[in-house]
Amino acid sequence: MSALAQPLAQSAVQSVDWLAIAPPTIAAVVALAVLVADLFVPERRKPLLGWISVAGLVAAALMLLPLLDGDRSTFCLAGHAHVCSYAADRFTLVIQFLVLGGALLAALLSVTNLKDDQRRVPAGEFWFLLLSSAAGAALLPASRDLATLIVALEVASLPAFALVGIRHGDKRSSEAALKFFLSSVTATAVSLMGISFVYASTGTLYLTQIAQRIQHVDGQLHTLAQTGVVLALVGFAFKTAAVPFHFWVPDTYVGAPLPVAAYLSVVGKAVGFSGLILVTVVALPSYADVWGPALAALAALTMTVGNVGALRQQATRAYSAVRLLAWSSVGQAGYLLVPIAAAGYAKDAQKAIGSTVAYALMYAAVNLGAFAVAALVGRTKSLNRISDYRGLYASNPAAALLLAFFLLCLAGLPPGVIGLFAKVTVFSAAVDAGLGWLAVVMAVNVVIALFYYLQWTALLFRAPEGEPARHRVPAPVTAALALTGVLGVALSGAPQLVLRFAATSLF
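Oh and the sequence shown: position 276 is 270 in my numbering, straight run, nothing missing.
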């Protein structure tokens, strides 16, 4: 018996590549450290927890550098070195950089926000939740089996619900968190049912094995597999805020603390899109005839509803600036879906995915920058209306110029060259895949978006009504604005830093 048990025991023991898993592991360890430290740190020293969290995110991001020399994988199936649960390949590293960078900028904005709102937001819990969510978001692009993928998705999502409703005594915050939670849980349940159907059809959870086995599914299980594919996409469509799974976005962004809204707008989308890419392109390429048309229709619907929703925002309505950014993020999600849909029709699906990654990197930098300016204005204008930005150039020229630049990037106009190039790349992906109708829909939506982006930009340079309000810029907000501004300008000056992803396969 012992002779038989020894090989079995050896097959159950796996060596762990600690360097490969370092980025999400560091974020998770620092999250626990902050939570424990909160018990012993006196109230007046609570801001220290924020800076520890910022340092932890910086350390996690720096651990991506040693991984650039080649692909790594760990937690592999015994006897199958290429069938693994965790892979640190080029796609993983790019998305992890986006996630950890986005979390870092949100953390910088949160340091000031918590100081202003310290009576209603418990510091220790806030930083623990933010770091935990970032750890899950960093784990998801590395996941190469459906079980790890869903666990990472929930680790990224569950703390986000609490972050949205973390302000004590805030009715809007509580309602937003409840709506976010209920709709997300429903979408996850549907997605889990789909994954169970795929598992029942193929007998495996590993993405590469699913791709091989699902092509040879027994005829009696073919309908079950197709149904599983469709249901599995629902959960990720919710995370990307694709229409009709977008209804939680405006209220959630308005009810959440502004740094949390910024975090959800970028990191939440990175989680959804990376999961969507892994499920479709890696696990289910043979079912492209199912998910390709579905995602193309979702892309057209999402960009249209998002841009029309942003266009309808009234400048004098309370929180209209945040609502416009929320609806704009829905519209941008539609553009991000286009290359994934095109991958269902293209000969080189992985190359098409590069266009989504390139666009996501551009969007992350400039959208976080726009939220950083909104956080600055919100310090003196608590209702954060679009009309509150009138004459911002007179009171804070640097913030006005940066916001104008970010909005022009999102619109795809010079000097926001990176926004223009990213849109052209996505447009080309649709045309190359034979989706001419989707390219036309995208072109119409770009024109619609120009109106509200330029309208807001022009408002920044108009004469202010009354005495212009002076905005004191705290150091953390200054750092966030500087980082996003430098990144946006650098990418506009050298767009090849991002656009090269659109010309190469990432897996």
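Just so it is clear, CB atoms sit at the ideal spot from N, CA and C, and this is done for glycine as well.
Item, Value
"Report the CB separation of alanine 327 from threonine 296 in whole angstroms; it is logged as a contact under 8 Å.", "5 Å"
"Can you tell me whether valine 10 is helix, strand or coil according to DSSP?", "coil"
"Quick check: what's the CA-CA separation for alanine 170 versus valine 254?", "12 Å"
"Among Leu448, Leu98, Ala335, Val316, which has the Cα closest to the Cα of valine 48?", "Leu98"
"Starting from phenylalanine 232, trace the alpha helix (DSSP H) both ways and give me its first and last residue.", "216 to 233"
"Are the CB atoms of leucine 502 and leucine 58 nearer to each other than 8 Å?", "The chain is shown only over -5 to 501; residue 502 falls outside these bounds and no answer can be derived."
"Report buried or exposed for glutamine 308, applying the criterion of at least 16 other Cβ atoms within 10 angstroms of its Cβ.", "exposed"
"Residues bridged to aspartate 139 by DSSP?", "Tyr200"
"What residues match up with threonine 68 in a beta bridge as DSSP calls it?", "Tyr80"
"Are there 16 or more other CB atoms within 10 angstroms of the CB of glutamine 90, so buried, or fewer, so exposed?", "buried"
"Any idea if serine 5 is buried or exposed, counting beta-carbon neighbours within 10 angstroms, 16 or more meaning buried?", "The predicted model places serine 5 with a pLDDT of 47, which falls under 50 and marks its position as unreliable; any figure quoted below should be read in that light. Looking at its Cβ environment, which holds fewer than 16 other Cβ atoms inside 10 Å, serine 5 is exposed."
"Are the segment 257 to 273 and the segment 354 to 362 touching, with three or more C-beta to C-beta distances below 8 Å?", "yes"
"Run through DSSP, which three-state label would alanine 25 get?", "helix"
"Flag this pair as touching only if the segment 385 to 399 and the segment 321 to 335 have three or more C-beta atom pairs under 8 Å; answer yes or no.", "no"
"Measuring alpha carbon to alpha carbon, tell me which of Asn301, Ala335, Phe155, Trp285 ends up nearest alanine 250.", "Phe155"
"Can you tell which of Val273, Leu172, Ser185, Ser151 has the C-alpha that lies nearest to the C-alpha of glutamine 203?", "Val273"
"Please name the residue, chosen from Ala194, Trp121, Val425, that lies closest to isoleucine 160 on a Cα-to-Cα basis.", "Trp121"
"Please identify the residue among Pro470, Leu414, Ala427 whose C-alpha is closest to the C-alpha of leucine 444.", "Leu414"
"Hey, quick one: how far does the alpha helix (DSSP H) through methionine 57 stretch, first residue to last?", "Unbroken run through methionine 57: none, as it is neither H nor E."
"On the criterion of 16 or more Cβ atoms from any shown chain inside 10 Å, does serine -4 qualify as buried, or is it exposed?", "The pLDDT assigned to serine -4 is 47, lower than 50, so where the model puts this residue is not dependable; a value taken from the coordinates is nonetheless given after this. So serine -4 counts as exposed."
"Please classify aspartate 139: is it buried, with 16 or more other beta-carbons within 10 angstroms of its beta-carbon, or exposed?", "buried"
"Can you give me the start and stop residues for the alpha helix (DSSP H) that proline 279 sits inside?", "Run containing proline 279: none; DSSP gives neither H nor E here."
"To the nearest angstrom, report how far apart histidine 76 and valine 10 are at their CA atoms.", "15 Å"
"Let's test the definition: count the other Cβ atoms within 10 Å of the Cβ of aspartate 245 and tell me whether it reaches 16, buried, or not, exposed.", "buried"
"Straight-line CA distance for glutamine 220 to serine 323?", "30 Å"
"Does the beta-carbon of arginine 66 have 16 or more other beta-carbons within 10 angstroms, so that it is buried, or is it exposed?", "buried"
"Rounded to the nearest angstrom, how far is the Cβ of alanine 570 from that of alanine 424, given a contact under 8 Å?", "Since the first residue shown for the chain is -5 and the last is 501, residue 570 is missing from the structure and cannot be characterised."
"State the Cα-Cα distance for the pair alanine -1 and alanine 72, rounded to the nearest angstrom.", "Its pLDDT being 47, under 50, alanine -1 is placed unreliably in this model, and the value from its coordinates should be taken loosely. The alpha-carbon atoms of alanine -1 and alanine 72 are separated by roughly 15 Å."
"Cutting at 8 Å between CB atoms, please list the residues of its own chain near alanine 437, excluding the five before and the five after it.", "Phe421"
"Is it a yes or a no for the segment 286 to 294 touching the segment 183 to 200, going by three-plus beta-carbon pairs under 8 Å?", "no"
"Drop a sphere of 10 angstroms on the beta-carbon of proline 153, count the other beta-carbons inside from all chains shown, and report buried for 16 or more, exposed for fewer.", "buried"
"How is the alpha helix (DSSP H) around alanine 327 delimited, first residue to last?", "314 to 337"
"Closest to glycine 269 by CA distance: which of Ala312, Thr182, Trp242 is it?", "Thr182"
"Leaving out the 5 sequence neighbours to the left and right, which residues in its chain are closer than 7 Å to serine 151 when beta-carbon positions are compared?", "Ser178"
"Let me confirm a value: aspartate 212 is counted as buried when at least 16 other C-beta atoms fall within 10 Å, else exposed. Which label applies?", "exposed"
"Distance, Cα to Cα, serine 168 vs valine 243?", "14 Å"
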